[in-house]
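Visitor: I'd like to ask you about the structure that follows.
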Amino acid sequence: MKIATWNINGVRSRLDGALAWLRETGPDVACFQEIKCTDEAFPAEAFEALGYNVAVHGQKGFNGVAILSKRPLDEVAVKGLPGDEADTHSRYIEAVVPRPESHNGGVVRIANLYLPNGNPIGTDKFAYKLAWMRRLQEHVAGLLQLEEPLFIVGDFNVIPEPVDAKNPQAWANDALFQPETRAAFRSLVNLGLTDAVRACHPEPGVYTFWDYQAGAWQKDHGIRIDHVLMSPQATDRLQGAGIDKFTRSWEKPSDHVPVWVELAAA
DNA sequence: ATGCCTGCGGTTCGCAGA
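As structure tokens, this is what we get:
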């Protein structure tokens, strides 16, 4: 079973690339962030034509997340991160998905998130980011009590460690690499989660984002900010994890590339 | 020190991104 996540930076302007990527890599579950459209404007039919079932939590203009699944979604459990009724940003969707027939039953729980960027530091945007991370910690702590295979995936907007940036010093004053940001991410992982890509790829130079500006891609000035975090019950089945770096060379690319994990049947 | 790109809204520039 393959589960993938991609900050697509506008699903409508990136639809052809998204469909090509799905055809080429065939994930059982694909999570998108920054779809930048309402539920009504999401091009669900194009994905359904490839055999996917679709759950969307969008909004006008920016943010927005979606889950695609080859198997019908059992339950779209949550839309919007719990813990603040006043938060109107569409940054979180959670669903329960049956595992493939070849896995002899059972389900996985998918939490797909687009964590706030938080720049510039010292503003209410950074405070919102840290508050959002505290809310996520609370919610995930509850989910872990279910003792299910749980996948928390998406654009975390967190550079966890210096090895996760080509030039760490360039991010010293950025919300993605602040001590408070990194500490909140460590606390989340320390609930008992596994960072799938880092577990499978301890080497440096593994990035998921290259800015459009200043030739970041050509200079490999990348950062690793898109992650798959797994509960123990999910990690038990981990066979591999990787990054579809090739999409960054496409025409009209997203500035992020997909991240995926492959799971054993038992 | 600043902007470099890009998508989107709603009009041709501002906002958000990271």
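The number in my numbering is simply the position in the first sequence, starting from 1, with 418 added.
Here a beta-carbon is modelled for each residue, glycine too, at the ideal position from N, C-alpha and C.
#1: Is the Cβ-Cβ distance between L486 and V429 less than 8 angstroms?
#2: Is the CB-CB distance between V526 and P490 below 8 angstroms?
#3: Can you list, in chain order, the residues of its chain with a C-beta nearer than 6 angstroms to that of I570? Leave out the 5 residues immediately preceding and following it.
#4: Can you round the beta-carbon distance between N374 and H639 to whole angstroms, since I take them to be within the 8 angstroms contact cut?
#5: Go ahead and pull the three-state DSSP assignment for D613.
#6: Using 8 angstroms as the threshold, is the C-beta distance between K600 and V624 below it?
#7: Near P461, which residues of its chain fall below 7 angstroms by C-beta distance, leaving aside the five closest residues on each side in sequence?
#8: Taking 8 angstroms as the cut-off, decide whether the C-beta atoms of R509 and Y546 are in contact.
#9: Just mark L609 as buried or exposed, buried being the case when its beta carbon has 16 or more other beta carbons within 10 Å.
#10: Applying the 10 Å Cβ sphere with the 16-neighbour rule, what's the burial state of P534?
#11: Give the DSSP-derived three-state secondary structure of P500 in the structure shown.
#12: Can you check which of these residues, C449, D644, A588 and N591, is closest to V515 by C-alpha distance?
#13: Any idea what DSSP makes of H507, helix, strand or coil?
Guide: A quick look at the data gives this:
#1: no
#2: no
#3: A529 and L647
#4: Residue numbering for the chain in the displayed model covers 419 to 684; residue 374 lies beyond these limits and cannot be assessed.
#5: strand
#6: For clarity, residue 600 is Arg in the given sequence; the question names Lys instead. No; because the gap between Cβ atoms is not below 8 angstroms, this pair is not in contact.
#7: V429, R430 and L433
#8: no
#9: exposed
#10: buried
#11: coil
#12: C449
#13: coil
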